[in-house]
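*Asks:* Residue numbers (the working numbering): -14 to 227. One structure follows; several queries about it will come next.
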Amino acid sequence: MVRAFMNRRHLLAGAGGLLVGCSSRPKYRLRYRLEIAARVGERVHTGASVLSMVWEDIGGAANLNGGDAFVREPDGEAIVVDLGEHGKLFGLLTAQGLADSGFSVSSPELALIPLLSEAEREGLTVSGDDVRQGLSGLTGVRQLAREHWPAMVRFRDVADRSTVELADPDNLTSALGASAAIEAVTVSVVDAPVTRRIKNELPWLNSLRGSLVWPAPGQPIRVVNRITRKHFIQNEEERGNA
């Protein structure tokens, strides 16, 4: 069943969903909390970040396979999981350049839409605005599928960005040198401020331009050479400075 636009607008009455303005170019906002639970030894450590996405409808046909008629305004920071003596684990905002799949703050619907049950999808059309509004119907805490987990990194020394290392979520023990594993990556729609802490955790982000680690002359580009500021922070100010 295809609902009228006014009925679809009602779907945003949830805590994390909001219709911003009622002009001919409406904006749809979703705020959600992404959390990583990592077990090291017998202890489980958690870290979370509240992220936001605003879709501005600019008209025309929309679809979920790219090229839709929305301007995207992602806002958020990487997840920080304090592992105590084993340092900190960072869940990045995008897997772009680092992995074949994974979470992306600029396309969160790709990870979130599969979490909707058949009942929650009832009445939704395949149009971009309808499905995105339907995401506000996500209730409770839900587990992301493995292919939608964020890319993860750690630093041997967080004060030195050149010590960055990829942390394989499927082999965390190798990265930490201790018995460790990712227990879960969960998401929940929330009504809470976007997390602002990453520049306190990584002060060198303020002056970072380009890659965290430049390849040595004559050496091939490694995966870590593709890690940039956008993997840790994305918002309107960042886009203005890009």
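A virtual CB, placed ideally from N, CA and C, is assigned to each residue, including glycine. Remember, it's a predicted structure, so these values are computed and weren't measured experimentally.
#1: Work out the CA separation of Tyr17 and Arg127 for me, nearest whole Å.
#2: Tell me the rounded alpha-carbon separation between Ser236 and Ala201.
#3: Is the beta carbon of Ala130 closer than 8 Å to that of His71?
#4: First and last residue of the alpha helix (DSSP H) that includes Ala166?
#5: Quick one: what does DSSP say Ile212 is sitting in, helix, strand or coil?
#6: Taking all protein chains shown into account, decide if Val240 is buried (16 or more other Cβ within 10 angstroms of its Cβ) or exposed.
#7: Would you mind stating whether Gly76 and Met137 have Cβ atoms separated by less than 8 Å?
#8: Can you give the beta carbon distance from Val198 to Val149, rounded, assuming they're within the 8 Å contact cut?
#9: Between which two residues does the alpha helix (DSSP H) holding Ile43 run?
#10: Quick one: residues in its chain with C-beta nearer than 8 Å to the C-beta of Ser196, no 5 flanking neighbours on either side, listed in chain order?
#11: Do you know how far the Cα of Val39 is from the Cα of Trp189?
#12: Find out if the Cβ-Cβ distance for the pair Ser147, Asp153 is shorter than 8 Å.
#13: Tell me which residue opens and which closes the beta strand (DSSP E) that Arg106 is part of.
*Replies:* Reading from the atomic positions:
#1: For Arg127 and Tyr17, the distance between alpha carbons rounds to 11 Å.
#2: Residue 236 lies beyond the range of the chain shown here (-14 to 227); nothing can be said about it.
#3: No, the Cβ-Cβ distance between His71 and Ala130 is not below 8 Å.
#4: First-last for Ala166: Ala165 to Val174, but that is the beta strand (DSSP E), not the alpha helix (DSSP H).
#5: The DSSP-derived three-state label of Ile212 is coil.
#6: The question about residue 240 has no answer here: the residues shown for the chain are numbered -14 through 227.
#7: A contact, by the Cβ cut-off of 8 Å.
#8: Between Val198 and Val149, the beta carbon gap of about 6 Å places them in contact (Cβ cut-off 8 Å).
#9: Counting along the chain, no alpha helix (DSSP H) covers Ile43, and no H or E run does either.
#10: Result list for Ser196: Asn210, Arg211, Ile212 and Thr213, in chain order.
#11: The alpha-carbon atoms of Trp189 and Val39 are separated by roughly 28 Å.
#12: Between Ser147 and Asp153, the C-beta spacing is not below 8 Å.
#13: Note, Arg106: premise wrong, no beta strand (DSSP E); alpha helix (DSSP H) at Glu103 to Arg106.
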